[in-house]
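Numbering (the working numbering), first residue to last: 152 to 549.
The structure is reproduced here in structure tokens:
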């Protein structure tokens, strides 16, 4: 209905409102219409389409949205930068910084709005899992100042064998000036968003200064940011070898090993990070999720609860905790956690299915049916899990 309205209507206010509504509904079937709206002649339609695609596709919309950074309309550019940042493209901050310095007030206003929205995303950054694109990307910008770099005199590690040619030639001697020139190369490339070039230059730097703490961590972050998790691991290992108390190095090792399906190694590195900082909830939650996959229910519960002591858990974490309680036969605790998760977000079919299943097995079929009806009201037809909800509801009618 809204798609037809957008196609047939000429009034820009109605057309842009239809696009916003499609984003609020969040159905993937609207993506072709929204993609068409990105090329609309009206800037308000394009700007709203950016926000709608971010809401529906998340990280999957990155390639589609990057071209909008060159849009002639300042609000559309700002919305694209805001959306890309929230899905892990942190380099867009430099474009917003340039927009804030623009002589046109309208450009400044759009950029200021986008920066404010980014601030909202960062406000709860400690509560989101390490596996999210934004959390991964932000690890790459934690860089100390240049004076903290120190030259080393050891051999080139195996990890830098990936350096591609041609890259800038290193200085003949390890002099301070040459070191600063090399450092400036990879930092300049990174700030300009040229990630491949930054990766080449930091690896060339490590060929000369292989035991530099910051550069190893930075190289790991660059590979991780590009989804090259197996290539990031050696640099993070070198980081924690140089600094055995580098908590983010251990945490990123855990994440990368998890992405490479090396679960036991991931568990080990998350445990190491918790030894250094046992009160960090995000680490407890990430470790608990891995233990859940390994069917180590009791230990997973322990870490979920440890994390919850220090900060509120997001609905997905609560759903996983409820499942762990369910697998260990602690049904009343599972029910309480499922209800808490559902009150925060009613859009998880699996959570409601498990919740209703416990109620049904306890003979509380009326309550189970209510749970299933609530879930179906929030689940679009054909969505994953929707069929299971309907099947269980049908069985409970008998």
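Glycine is no exception: its CB is placed at the ideal position from the N, C-alpha and C atoms.
Whole angstroms are fine: how far does the CA of residue j sit from the CA of residue i?
i, j, result
"residue 201", "residue 535", "25 angstroms"
"residue 187", "residue 193", "12 angstroms"
"residue 156", "residue 168", "10 angstroms"
"residue 491", "residue 340", "46 angstroms"
"residue 434", "residue 362", "27 angstroms"
"residue 416", "residue 410", "11 angstroms"
"residue 195", "residue 483", "50 angstroms"
"residue 375", "residue 539", "36 angstroms"
"residue 220", "residue 448", "46 angstroms"
"residue 402", "residue 394", "13 angstroms"
"residue 282", "residue 437", "With a pLDDT of 47 at residue 282, under the threshold of 50, the modelled position of this residue cannot be trusted; read the value that follows with caution. Rounded to the nearest angstrom, the two C-alpha atoms are 8 angstroms apart."
"residue 383", "residue 252", "36 angstroms"
"residue 533", "residue 351", "45 angstroms"
"residue 461", "residue 354", "39 angstroms"
"residue 260", "residue 423", "45 angstroms"
"residue 497", "residue 485", "16 angstroms"
"residue 308", "residue 439", "Annotation note: pLDDT 35 at residue 308 (below 50); position unreliable, coordinate value reported separately. Whole-angstrom Cα-Cα distance: 33 angstroms."
"residue 407", "residue 471", "21 angstroms"
"residue 372", "residue 337", "13 angstroms"
"residue 412", "residue 443", "14 angstroms"
"residue 368", "residue 267", "29 angstroms"
"residue 314", "residue 358", "Reliability of the predicted coordinates at residue 314 is poor, the pLDDT of 34 falling under 50, and no value is obtained from them."
"residue 329", "residue 342", "20 angstroms"
"residue 254", "residue 189", "26 angstroms"
"residue 321", "residue 270", "At residue 321, the pLDDT of 42 sits below 50, so the modelled position is not reliable and the matter cannot be decided from this model."
Do residue j and residue i count as a contact pair if the criterion is CB distance below 8 angstroms?
i, j, result
"residue 451", "residue 475", "yes"
"residue 166", "residue 175", "no"
"residue 441", "residue 414", "yes"
"residue 508", "residue 488", "no"
"residue 356", "residue 388", "no"
"residue 203", "residue 180", "no"
"residue 421", "residue 405", "yes"
"residue 370", "residue 386", "yes"
"residue 139", "residue 390", "The displayed coordinates of the chain run from 152 to 549. Any statement about residue 139 would go beyond what the structure contains."
"residue 505", "residue 473", "yes"
Tell me which same chain residues have a C-beta within less than 7 angstroms of the C-beta of residue i, skipping the five on either side of it?
i, result
"residue 547", "511, 516, 519, 520"
"residue 377", "346"
"residue 523", "503, 507, 540, 543, 544"
"residue 445", "414"
Leaving out the 5 sequence neighbours to the left and right, which residues in its chain are closer than 6 angstroms to residue i when beta-carbon positions are compared?
i, result
"residue 154", "184"
"residue 191", "197"
"residue 348", "340"
Suppose the cutoff is 8 angstroms on Cβ atoms and the five residues either side in sequence are ignored; what does the same chain contact list for residue i look like?
i, result
"residue 206", "174, 175, 177"
"residue 222", "194, 197, 228, 231"
"residue 224", "194, 197, 198"
"residue 513", "482"
Check whether chain C comes within 8 angstroms of residue i, counting only Cβ atoms and requiring the distance to be less than that.
i, result
"residue 154", "This model lacks chain C altogether; it includes just one protein chain."
inquiry  = Three Cβ pairs or more, each shorter than 8 angstroms: is that satisfied between the stretch 454-466 and the stretch 425-434?
reply    = yes
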